[in-house]
Amino acid sequence: MPGIAPDVISHKLTISSAYKPVRQKRRSYDAERYEAMRTEVEKLQTIGFIREATYPVWLANSVMVRKSTGGWRMCQDYTDLNKACPKDSFPLPRIDQLVDATAGHELLSFMDAYSGYNQIFMHPPDSEHTAFITDKGLYCYNVMPFGLKNAGATYQRLVNKIFAGYIGNIMEVYVDDMLVKSRTAEDHLQNLSIMFGILKEYRMRLNPKKCAFGVSSGKFLGFMISQRGIEANPEKIKAIIDMERPKTTKDIQSLTGRVAALTRFISKATDKCVPFFKALKGGKRDITWTAECDNAFQALKNYMSKAPLLSKPLPGEILYLYLSVSGTAVSSVLIRKPEKAELPIFYVSKELQSAELWYPPLEQLALALVVSARRLRPYFQAHGIKVLTNQPLRQVLQKPEISGRLIKWAIELGEFDIQFVPRPAEKGQVVADFISELTPATLQPTSEAITETILPDQPGAERLDT
Numbered sequence: 014m015p016g017i018a019p020d021v022i023s024h025k026l027t028i029s030s031a032y033k034p035v036r037q038k039r040r041s042y043d044a045e046r047y048e049a050m051r052t053e054v055e056k057l058q059t060i061g062f063i064r065e066a067t068y069p070v071w072l073a074n075s076v077m078v079r080k081s082t083g084g085w086r087m088c089q090d091y092t093d094l095n096k097a098c099p100k101d102s103f104p105l106p107r108i109d110q111l112v113d114a115t116a117g118h119e120l121l122s123f124m125d126a127y128s129g130y131n132q133i134f135m136h137p138p139d140s141e142h143t144a145f146i147t148d149k150g151l152y153c154y155n156v157m158p159f160g161l162k163n164a165g166a167t168y169q170r171l172v173n174k175i176f177a178g179y180i181g182n183i184m185e186v187y188v189d190d191m192l193v194k195s196r197t198a199e200d201h202l203q204n205l206s207i208m209f210g211i212l213k214e215y216r217m218r219l220n221p222k223k224c225a226f227g228v229s230s231g232k233f234l235g236f237m238i239s240q241r242g243i244e245a246n247p248e249k250i251k252a253i254i255d256m257e258r259p260k261t262t263k264d265i266q267s268l269t270g271r272v273a274a275l276t277r278f279i280s281k282a283t284d285k286c287v288p289f290f291k292a293l294k295g296g297k298r299d300i301t302w303t304a305e306c307d308n309a310f311q312a313l314k315n316y317m318s319k320a321p322l323l324s325k326p327l328p329g330e331i332l333y334l335y336l337s338v339s340g341t342a343v344s345s346v347l348i349r350k351p352e353k354a355e356l357p358i359f360y361v362s363k364e365l366q367s368a369e370l371w372y373p374p375l376e377q378l379a380l381a382l383v384v385s386a387r388r389l390r391p392y393f394q395a396h397g398i399k400v401l402t403n404q405p406l407r408q409v410l411q412k413p414e415i416s417g418r419l420i421k422w423a424i425e426l427g428e429f430d431i432q433f434v435p436r437p438a439e440k441g442q443v444v445a446d447f448i449s450e451l452t453p454a455t456l457q458p459t460s461e462a463i464t465e466t467i468l469p470d471q472p473g474a475e476r477l478d479t
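With our numbering applied, the sequence shown has no gaps in its numbers, which climb one by one up to 479 at the end.
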C-alpha cells in the first residue's frame with residue numbers, strides 16, 4: 014500500500030487520561046445499508062486501509078451517508094474519541110489570504126490528493142483506537158481516516174513540511190487542496206515539474222478526476238480565481254437567486270447562511286439582511302413575511318446577479334477604506350485605486366449589538382474602523398491604509414479621554430499605518446452604498462463631552478499617530 018512514509022509523518026492520538034474509553038452500542042440498519050457497508054469494508058481491507066481489530070478499548074459505529082450520486086459513503090462516528098483528544102492548534106492558512114495570493118496569475122493548476130487523509134499512516138499504537146463495528150466484525154484503520162478531530166491539522170503539517178520553500182511562491186496549499194500558479198506558460202511547466210518531483214519523492218498520489226492543469230481560471234477554496242481577480246462561486250450565487258421565498262425560520266436561517274458565505278462580495282451585507290433578522294424575532298417556526306422582507310429579498314437577488322469582481326492588492330500598495338454607519342450596522346469597503354479607478358478588495362459588515370446601538374455616531378464610526386482592522390488585519394499589516402472620511406475620526410481617537418473604549422481602540426489601531434484623508438467628491442459604482450458615512454438614523458444628539466473634545470477636520474492627510 015503506497016503512502017507517506019511514517020518517518021515523515023503519522024497521525025497520533027493524544028487521548029486525555031481524564032476520559033474513560035467508550036464502546037458505542039451497535040446500531041441497526043436496513044439491508045441496503047448493510048450491503049453497502051460490507052462492500053466498502055471489503056474494498057478497504059483489500060487495499061490495506063483497514064484490518065480486523067481485537068479487544069479494542071474504543072469502539073465507534075459505522076454510519077452510512079447517502080451520496081449525491083445515489084450511492085453510499087461509510088463514515089465512522091468518532092464523537093466520543095474526539096472528545097477525549099485535545100485540539101491540535103497547528104494553524105491552518107487564512108482562506109482569504111490564499112485566494113488573494115492566487116488571483117492575478119496567467120496559468121493555474123488545481124490538484125486534489127487521492128483520498129488525501131488515507132495517504133497518512135496511523136501511529137501504530139493508536140491504530141486500534143479507531144476501531145469501528147459492522148455486522149461482520151470489528152475493524153480499525155491502518156491509515157488516518159476522515160472524521161478524526163485533528164486530521165486536518167496533521168495533513169496541513171505534512172504539506173507545509175514537504176512543500177516548504179514553495180508555498181507562497183509557486184504554490185498555495187490548504188490541507189488537501191493544492192494549486193500551482195505561474196506568471197507565464199514557461200514558468201508553469203517548470204513549476205509543475207518541481208511539484209511533481211516532490212509528490213514522487215514523498216509518494217503522494219493525486220486524483221486525476223479532480224485535477225485541472227494549465228488553465229486560466231478555476232475554483233479554489235470556494236472562490237473563482239482568474240488573472241482578472243476574484244469572483245464569487247457561481248453555484249453559491251445561484252443558490253440565492255433560485256431560492257424561493259422563505260416560509261419558516263429554518264428557511265431564513267438557510268438564506269442568511271448563504272449570504273454569510275459571500276459577505277466578502279456583498280456591500281453592507283448586514284443592512285441588506287435586517288428585514289430577515291426582524292422576521293426571526295419571536296422564535297416561532299412560521300414567520301411573518303412582510304413587504305419589507307420581500308423587497309429586501311428581491312434586492313439581494315438583484316445584487317447577487319451582478320456581484321462585483323474583487324481585486325488583488327499589489328505588494329506595498331496604499332489601500333483605501335470607506336466607512337459607513339447605519340442605525341443597525343457598521344460597514345466598510347477596502348479598495349485600491351490604480352489609475353484613479355476604484356476597485357473593491359473586501360466588503361465588511363457587522364451588526365450593532367446591545368450597547369453599541371447607543372454609542373454616539375462618531376464612536377460608531379470609530380467602531381467601524383476597528384471592526385475593519387480586525388477583520389482585515391493582514392491587509393492593515395502589509396499596507397498603508399488611507400481612511401476616506403469627512404468626519405473628525407483622527408481627533409476622536411487622539412483625544413480618547415471621554416471613553417475608555419476609545420483608549421483601547423486607539424492603542425489597538427496604533428500598530429497600523431493609518432492616515433485620514435477627505436472623501437473625494439466623485440465616487441465609483443463599487444462604493445455607491447458608502448456615499449454617506451452617517452445615515453439619518455445615526456444622527457442622534459451627542460453628549461457635551463463629545464462636543465467639547467472633537468475638533469474640526471483639518472485639510473489633507475492626517476496620521477493617527479501624529
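We put the CB at the ideal spot given by N, CA and C, even for glycine.
A distance below 6 Å between beta-carbons, with the five flanking residues on each side excluded, links M208 to the following residues of its chain, in chain order: V193. Spanning the alpha carbons of A44 and M77 requires a straight line of approximately 12 Å. By the C-beta criterion, the segment 240–254 is judged to be in contact with the segment 299–317, since at least 3 inter-stretch pairs fall below 8 Å. In the DSSP annotation of this structure, the continuous segment of the beta strand (DSSP E) that includes I63 starts and ends at I63 to E65. Counting other Cβ atoms within 10 Å of its Cβ, W422 reaches 16 or more and is therefore classed as buried. By the beta-carbon neighbour count (other beta carbons within 10 angstroms, threshold 16), F290 is exposed.
For K232, the enclosing beta strand (DSSP E) starts and ends at S230 to F233. In the three-state DSSP reduction, I183 falls in the coil class, being neither helix nor strand. In this structure, DSSP gives C306 a helical state, which the three-state scheme calls helix. Within 10 angstroms of the beta-carbon of Q377 lie 16 or more other beta-carbons, which makes it buried.
The three-state reading of DSSP puts M317 in helix, counting H, G and I together.
The way I'd put it, the segment 228–239 does touch the segment 114–125; three or more beta-carbon pairs between them come closer than 8 Å. C-alpha of T283 to C-alpha of A166: approximately 32 Å in a straight line. Along the length of the segment 195–255, whole beta strand (DSSP E) runs at least 3 residues long occupy 225–228, 230–233, 236–239 and 243–245, reported in chain order.
Distances from the alpha-carbon of K319 to those of L205, G181, I250 and V384 put I250 closest. Comparing C-alpha distances from H24 to each of S81, K96, H142 and Q58 shows the shortest one belongs to H142. For the pair K281 and S339, the CB atoms are nearer than the 9 Å cut-off. Take the alpha-carbon of A381 and the one of P405: they are about 14 Å apart.
Contact annotation: L234 and L161 have beta-carbon atoms that are not nearer than 9 Å. The Cβ atoms of P34 and R218 do not sit closer than 9 Å to each other.
Under the DSSP assignment, W422 falls in the alpha helix (DSSP H) whose first and last residues are G417 to L426. Taking C-beta atoms as the reference points, E65 and Y152 count as a pair closer than 9 Å. Taking a cut-off of 8 Å on C-beta distances, the segment 133–142 does not touch the segment 197–214, as fewer than three cross pairs fall below it.
When secondary structure is reduced to three states using DSSP, F123 falls in the strand class. Straight through space, the alpha carbons of V70 and I28 are spaced by roughly 12 Å. Counting along the chain, R349 sits inside the beta strand (DSSP E) bounded by residues A342 to R349.
In the structure shown, the three-state DSSP call for R79 is strand.
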